[in-house]
Amino acid sequence: MNDDFTGNARHSRLAQFHIDTPLLLGLLALIGFGLMVLYSASGQSIVMMERQIIRLGIALAVMVAFAQIKPQTLKRWSFPLFLVGVALLVAVMLVGSVGKGAQRWLDLGFMMFQPSEVMKLAVPMAVAWFIASHSLPPRIWHLLGGALLCIVPTLLIAQQPDLGTSILIATAGVFVLFLSGMSWRLIAVVAGLISAFLPILWLFLMREYQRQRVLTFLNPESDPLGSGYHIIQSKIAIGSGGFDGKGWLHGTQSQLEFLPERHTDFIFAVLSEEFGMLGVLMLLAIYLFIIVRCMIISSRAQDNYSKLVAGSFTLTFFVYVFVNIGMVSGLLPVVGVPLPLISFGGTSMVTLMAAFGVIMSVGTHKRMLAAP
Amino acid sequence: MFKKRVAIQDFAAESRLFNQRAVFAILFVVLMFSIIVFNQYQLQVVSYQDYQTRSEGNRIKVVPLAPNRGLIYDRSGILLAENRPVFSLELVPEQIKDMTATLAELAALIEFSAEQQDAFLKQVRAQRRFNSITLKEQLNDQEVAILAVNQHRFPGVTVEARLSRHYPFGDLFTHALGYIGKINTRELQQLELDGEAANYAASRDIGKIGLERFYQRELHGTMGYQEVEVNNRGRLIRVLRSVPAVSGQNIYLGLDVGLQLTAQQILKQHRGAIVAIDPRDGAVLAFYSNPSYDANLFVHGISSANYNELLNSRDRPLINRVTQGVYPPASTIKPHLALLGLETRTITTSTKIWDPGYYTLPNSDHRFRDHIRWGHGWVDIYTAITKSCDTFFYDMGIKLGIDRISEYMHKMGFGEKTGIDILEESSANMPSRGWKRARHNQPWYPGDTVPLSIGQSYWTTTPLQLAVATTPLLNRGKLVTPHMVTAFSNGETTAANNLPPRQVLEVENEQNYAVVMDTMHQTVSILGGTAHRAFIGAQYSSAGKTGTAQLAAIAQDAKYDADAIDERLRDNAMYLGYAPHDKPTILVVVALENAGGGGSNAAPLARQLMDYYFTAGVNTDE
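If you read the sequences in order, they're chains A and B.
Everything in the first sequence is counted per this note's numbering, starting at 1 for the first residue and increasing by one.
Everything in the second sequence is counted per this note's numbering, starting at 1001 for the first residue and increasing by one.
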């Protein structure tokens, strides 16, 4: 405990509240940049800015709250939380509200609640809890047990249908298995199995609209005014930004509304257009800083559970960033993934900040754990 | 034993394993970010120009601006063709999802005919893309208001204020001015061939006939354009650059509203034409064909009922009788032949022949009758013209022969287009041996020359051609080019439309012209002259020649009885006159279909026109 108070004053004061200063600065830099881009992307809408700032405030509060919870407490609650999450997913399947063609929400009377958001945290936590209760590297039975913990909620979410979220949740669980030291040979086998599974996914599991998205991704010019419109306009916005951009608030693709979904999923195109490649490099630098910082926190964590949870959350965060940028710039098919902490919206931001809260908790509680 | 190995956790090894995986993960993240950076480089640096161009193409639209059509004025500056703002209902087909439903909903709001709808749909198929197409023109205030209120229900439907051509004098100038109408596919192709299509990007109308067609280029002007920034719904955000259109040139005519009204007034009872030109330079002073029709009917697309009525009318109002009315000139060409006779010394002023009331060719007993059954007795060139003796000209014609007549009359402008500045013109017919061989596959007989010598049989002319072919008589051989436009103006500078004479005849003897003009003056001035009665009491001295063209073949020795034959086979009345007789400033041709004798029917109308000309002071040169 004494160590905490031997650091510099700035660090120690925030550390009292279990806040990791470099990570916080990274997040604040990202949020600041994001608000600037959103102001432009929303057509300088003060109303949207207010809503986003309120949401960010709530998310930061959630982060601070989660940071206060000791990793041991989290570990203890991991599996019960997972069970509650599964129960909620079953409830959604039975009595959930239908919106946009999918049954994803529970109507709690005062708000709509999306249980899959809980599972973004609960699945990696439960898998980490399970794996960490044995020594590392995990044995095949432990890996299978961990895989089972991933598969159940994944299928429940996939049938809503919400393929994107289900894959991300499965990925978060798989990251735990990867970080726990699952053998490369096994990783190769699993990768082989997944590629064998892809045709089945395409033929039997994917819906028509999902297949269409992939086809559009492969050749957006085939339907420039229909399903290809988003990606074409997005690439025009990015490409026309050039190296140094058209300037803040001066992106013609975004300001004149040629770019669809510009304040939500496609906000990266607005950033690219107005700030150019320089802006993109800056954004990627901030993201990389956050990811590296989180991985350092993970590797410094005292126990395996903490390492695995923090590491998985970090890599999941990266996946969000990569998938969003990849889809907006034409590297990946269009899936509804927002750009973390930049896109306007929703519950996913609160979940994300909760995850950063957990990481901060891991980073700041370790010395108390270190006491023999 | 081995279970122990499981039970005891090797924290250092576990930590090392995790760190390896963490480092691997970071390297993977860096690799993935590198892919993003590489892709961004491809998009934003390598393909920058391409995407930049596409981005500009998205937001910048070039909107063509139609120039205002030039105005048309009469000789004293009275507006004959103007541009009026009108509201029209226009649709952009590409912006309308369900055309049938939209038309049905519009029909519930404002009235438009099935015919208008058909015309609209036809245009939709033919027009250039992304142009708005007019469904209904000339909306009234109430319709404009109804459409404005319901605008939100109809994307792609707009009410446009446009300038529309209007002819304030209705039917008075139709055959001269012509009219404009919508550019059709054929005209568009022609514009493309001429390389003019780009200049018409914003234009919807084009001159269809008359001056509007002939001077299309001058009247149209030069298109301007605006570069505008638009949003994704095509709404105009701001104007980036604007190049104003250059209005077409205004044109000034030699026509005079007062003379024109007089011509219309005096022609009221007749099918026929009146044309008056200034014989010195060919400027057209009056140009009226009766019956006429309202040119405004055509500007907004004439209804088929109206059009069929015009097309099928027995009086054929669509024919421009001044330039397309092909009439036998009858005796009005006697002065022209007289000049040829004098110039070729076939006759002299003292040549006299005996007229028994008929003429026979050698070795033939067919009698070519004079219009005076008992004959004129001894006739010289003066009497032959003032009293319009046919026999004298039969005789002279045979002596001249078809070849000389044909060649010389062509030189004077007969059988040739006059080159007036409208395209609806017939060259009529001045026959020759070659013509008859080609047309009828027959040789030319002397019997053909006889009636030709009094402007009958194969010889035809238009009223304008007759007037123009008379100018060499008054101008010592100079044949003018007739023209309605006397000046162009771009608002600042005015350029006169001076045209050189089309042709100048070689003159053998200047005196011959004076003789011919003298005979024509005597036709009016001396008692017994065929036009004398018509001009009794005129305040000016004039000259002229009457003509009565026989349309029905009259049997040998039979008597012409106007009442006994079909009205439309009755004689045409012709009159060719000018004034003042010694220094003419106005030359008039009157042609009346089936009106009877020229002296009694056509000459009085020419008199009325000249009366107006001299009393109203149209003749500003004097």
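A virtual CB, placed ideally from N, CA and C, is assigned to each residue, including glycine.
All values derive from a computational prediction rather than experimental measurement.
By DSSP, does residue 1429 of chain B sit in helix, in strand, or in coil? In this structure, residue 1429 of chain B counts as strand in the three-state DSSP scheme.
Would you list the one or two residues that DSSP bridges to residue 1354 of chain B? Residue 1354 of chain B is bridged to B/1378.
Looking at chain B, which residues of the stretch 304-321 of chain A have a Cβ within less than 7 Å of any of its Cβ atoms? Listed by position, the residues of the stretch 304-321 of chain A near chain B (Cβ gap below 7 Å) are 304, 307, 311, 315, 318.
CA-CA distance, residue 1385 of chain B and residue 1531 of chain B? So the alpha carbons of these two residues sit roughly 11 Å apart.
Residues that residue 235 of chain A contacts on chain B, provided the C-beta gap is smaller than 8 Å: Per Cβ cutoff of 8 Å: 1043, 1051.
Roughly how many angstroms separate the alpha carbons of residue 289 of chain A and residue 352 of chain A, rounded to a whole number? Here the alpha carbon of residue 289 of chain A sits roughly 17 Å from the alpha carbon of residue 352 of chain A.
Can residue 1070 of chain B and residue 1216 of chain B be called in contact, C-beta distance under 8 Å? It is not a contact, given that the beta carbons lie outside the stated cut-off.
Skipping 5 residues on each side, what residues in its chain have a beta carbon closer than 7 Å to that of residue 1378 of chain B? Around residue 1378 of chain B, the same chain offers 1352, 1354 as residues with beta carbons nearer than 7 Å, after the five sequence neighbours per side are excluded.
Note down, in chain order, every chain B residue with its Cβ under 7 Å from the Cβ of residue 137 of chain A. Those within 7 Å of residue 137 of chain A in chain B are 1017.
Determine the direct distance from the alpha carbon of residue 1056 of chain B to that of residue 191 of chain A, and round the result to whole angstroms. A direct Cα-to-Cα measurement between residue 191 of chain A and residue 1056 of chain B gives close to 44 Å.
Short-range partners of chain B found in the stretch 320-336 of chain A, where Cβ spacing is below 8 Å: Residues are counted here when their Cβ sits less than 8 Å from a Cβ of chain B; for the stretch 320-336 of chain A these are 322, 325, 326, 329, 330, 331, given in chain order.
Hey, does residue 1095 of chain B have any beta-carbon neighbour from chain A nearer than 8 Å? Closer than 8 Å: no.
Should residue 287 of chain A go down as buried or exposed, given a rule of 16 or more other Cβ atoms within 10 Å for buried? By the C-beta density criterion, residue 287 of chain A is buried, having at least 16 other C-beta atoms within 10 angstroms.
Interface residues of chain B around residue 257 of chain A at Cβ under 7 Å? Residues of chain B passing the Cβ test: 1231, 1232.
If distances are taken between C-alpha atoms only, which option among B/1451, B/1481, B/1373 comes closest to residue 1417 of chain B? Closest by alpha carbon: B/1481.
I'd like to know if residue 276 of chain A contacts chain B, where contact means its C-beta is closer than 8 Å to some C-beta of that chain. With 8 Å as the cut-off, residue 276 of chain A counts as an interface residue toward chain B.
Give the straight-line distance between the Cα atoms of residue 1151 of chain B and residue 1111 of chain B, rounded to the nearest whole angstrom. Taking the straight line joining both Cα atoms gives about 16 Å.
Consider the Cβ of residue 1021 of chain B: report whether some Cβ of chain A lies at a distance smaller than 8 Å. At a cut-off of 8 Å, the C-beta of residue 1021 of chain B has a neighbouring C-beta in chain A.
Does the distance from the C-beta atom of residue 1610 of chain B to that of residue 1591 of chain B stay below 8 Å? Cβ atoms of residue 1610 of chain B and residue 1591 of chain B: not closer than 8 Å.
What's the gap between the Cα of residue 1219 of chain B and the Cα of residue 1174 of chain B? Cα to Cα, residue 1219 of chain B sits roughly 17 Å from residue 1174 of chain B.
With a cut-off of 8 Å on the beta carbons, I'd call residue 1336 of chain B and residue 1412 of chain B a contact; round off their distance for me. At roughly 6 Å, the Cβ-Cβ gap stays under 8 Å, so residue 1336 of chain B and residue 1412 of chain B are in contact.
Name, please, each residue of chain A whose Cβ falls closer than 9 Å to the Cβ of residue 1227 of chain B. Contact of residue 1227 of chain B with chain A by beta-carbon distance below 9 Å is absent, the smallest such distance being about 14 Å.
Alpha-carbon to alpha-carbon, residue 164 of chain A and residue 84 of chain A: In this structure, the straight-line span from the alpha carbon of residue 84 of chain A to that of residue 164 of chain A is close to 22 Å.
State the beta-bridge partners of residue 1503 of chain B as determined by DSSP. Partner residues in the beta bridge of residue 1503 of chain B, as assigned by DSSP, are B/1479.
Can you check which of these residues, B/1572, B/1209, B/1476, is closest to residue 1425 of chain B by C-alpha distance? Residue 1425 of chain B has its Cα closest to that of B/1209, out of B/1572, B/1209, B/1476.
Apart from the five residues on each side of it in sequence, which residues of its chain come closer than 8 Å, Cβ to Cβ, to residue 1293 of chain B? For residue 1293 of chain B, where only same-chain residues beyond five positions count, the Cβ hits under 8 Å are 1171, 1174, 1310, 1317, 1318.
Taking only beta-carbon atoms, is residue 253 of chain A less than 8 Å away from chain B? Closer than 8 Å to the CB of residue 253 of chain A there is at least one CB belonging to chain B.
Should residue 1247 of chain B and residue 1160 of chain B be called a contact, given that it needs their Cβ atoms to be closer than 8 Å? Between residue 1247 of chain B and residue 1160 of chain B, the CB-CB gap reaches or exceeds 8 Å.
Counting only C-beta atoms, is residue 40 of chain A closer than 8 Å to chain B at any point? Not a single CB atom of chain B sits nearer than 8 Å to the CB of residue 40 of chain A.
Under a CB-based cut-off of 8 Å, is residue 187 of chain A close to chain B? Not an interface residue.
Considering only their Cβ atoms, is the gap separating residue 250 of chain A from residue 274 of chain A smaller than 8 Å? Pairing residue 274 of chain A with residue 250 of chain A gives a Cβ-Cβ distance under 8 Å.
Just to confirm my understanding: we take residue 10 of chain A, look at its own chain, exclude 5 residues before and 5 after, and list those with CB closer than 8 Å. What are they? Reliability fails at residue 10 of chain A, whose pLDDT of 49 lies under 50, so the model's placement of it is uncertain and the value that follows must be treated cautiously. Closer than 8 Å at the Cβ level, and outside the excluded window around residue 10 of chain A, lie 21.
is_contact[residue 17 of chain A, chain B] using C-beta, thresh 8 Å: False, the Cβ-Cβ gap to chain B never drops below 8 Å.
Please report whether the beta-carbon of residue 1025 of chain B lies at a distance below 8 Å from any beta-carbon of chain A. At least one chain A Cβ lies under 8 Å of residue 1025 of chain B.
is_contact[residue 1037 of chain B, chain A] using C-beta, thresh 8 Å: At least one C-beta of chain A is nearer than 8 Å to the C-beta of residue 1037 of chain B.
Please identify, using Cβ separations under 8 Å, the residues of the stretch 238-249 of chain A that lie next to chain B, in order along the chain. So the close ones are 238, 239, 240, 241, 242, 243.
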